[in-house]
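In the numbering used here, the protein residues as written are 1 to 211.
For every residue, glycine included, the Cβ atom is placed at its ideal position computed from N, Cα and C.
Values in this document were obtained by computation on a predicted structure and should not be read as measured data.
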């Protein structure tokens, strides 16, 4: 009985842990994939400390795209932009100045940890505006990015382990082994089924007496 209770408690703990992991995965997918997509954006991993303490290396920043930066972007916004127009390299810094002239609108950005402004940029160089960040998740993302096969194998092993626990847990075996109303108990092999009744014994006695 003690061993059965121990196995039951262990399976319960494993089930709780598996559900906790599942909830964490679902929440991460929602925060890192679903919400950014709904905002028409994506997520970016911070690689340098130029925006500390707002963003640190390893943080993931969710950004939304802007269709008209000249009117949508304001001083104080954190924007993702191309330092060189047409170059795929991206930088995420804060807008510290917005200049409007006859020649058009330009923006001045600077990293929160930097002591100098960046070169002015034009609206076309701004790709997105930061919405929120998730600390440290980028480290996991970068690590898994180099080990996608291992990540898939770990997830598969976790799911198989959970399935095995649910199938083999003691409570399930006990319920399956109990006889049901439609399943009669076995008749012992050493119990005779042709034992005469009391009436049969009485009639047999009358016959013997008549003789």
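- A straight line joining the alpha-carbon of residue 97 with that of residue 29 spans about 35 Å.
- Around the beta carbon of residue 133, 16 or more other beta carbons sit within 10 angstroms, so the residue counts as buried.
- Between residue 87 and residue 81, the alpha-carbon positions lie close to 10 Å from each other.
- Going by beta carbons, residue 79 and residue 92 fall inside the 9 Å limit.
- Ranked by how close their Cα comes to the Cα of residue 118, the residues 51, 103, 41 have 51 in first place.
- For residue 71, the three-state secondary structure derived from DSSP is helix.
- In the assembly as shown, residue 36 is a buried residue. Its beta-carbon has 16 or more other beta-carbons within 10 Å.
- Shown here for residue 135: same chain residues with a beta carbon closer than 6 Å to its own, the five before and five after excluded, namely 59 in chain order.
- In this structure, residue 108 sits near residue 120, with a CB-CB distance shorter than 9 Å.
- For residue 96, the enclosing beta strand (DSSP E) begins and ends at 91 to 101.
- Residue 133 has 61 as its beta-bridge partners, per DSSP.
- If the five residues before and after residue 41 are omitted, its C-beta is found closer than 8 Å to the C-beta atoms of 62, 63, 64, 65, 128, 131, all from its own chain and listed in chain order.
- Pairing residue 57 with residue 111 gives a Cβ-Cβ distance that is not under 9 Å.
- Straight-line spacing of the CA atoms in residue 67 and residue 114 works out to 28 Å.
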